[in-house]
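Below: the structure, in structure tokens.
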Amino acid sequence: TLNTYWTIDGSVEGSGAQFINHCCEPNLVARIVRGHILYFAARDIRAGEELSVDYHFDADVEKVPCACGSLKCRGTINNKE
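First residue of the sequence shown: -9, per the numbering used here; consecutive thereafter.
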């Protein structure tokens, strides 16, 4: 989410978000800089490795299950309450 009006949706092509999936132990971090969502490597990323970020869905919205396979998987892409 960029702000209360704009959200980047990976199901709509063109933003680049369609190439980044959720993981509870991601290799990218997202930062909002001057009205843009920018992604930065959280660690070295191997060639061919899937790009991932923690979606941090709100805890008070419908729970969305996660199966990222991380040892630190929360079981949901929502933040814990």
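Idealized CB from N, CA, C, for every residue including glycine.
Being a predicted model, the structure only gives us computed values, none of them experimental.
Distance between glutamate 52 and asparagine 69, taken at the CA atoms: about 11 Å. In the structure shown, the three-state DSSP call for alanine 31 is strand. A contact is defined here as three or more CB-CB pairs under 8 Å, and the stretch 9 to 22 meets this definition with respect to the stretch 31 to 50.
For serine 42, the enclosing beta strand (DSSP E) begins and ends at 41 to 43. The beta carbon of leucine 61 sits closer than 8 Å to those of Glu15, all from its chain and outside the five residues before and after it, given in chain order.
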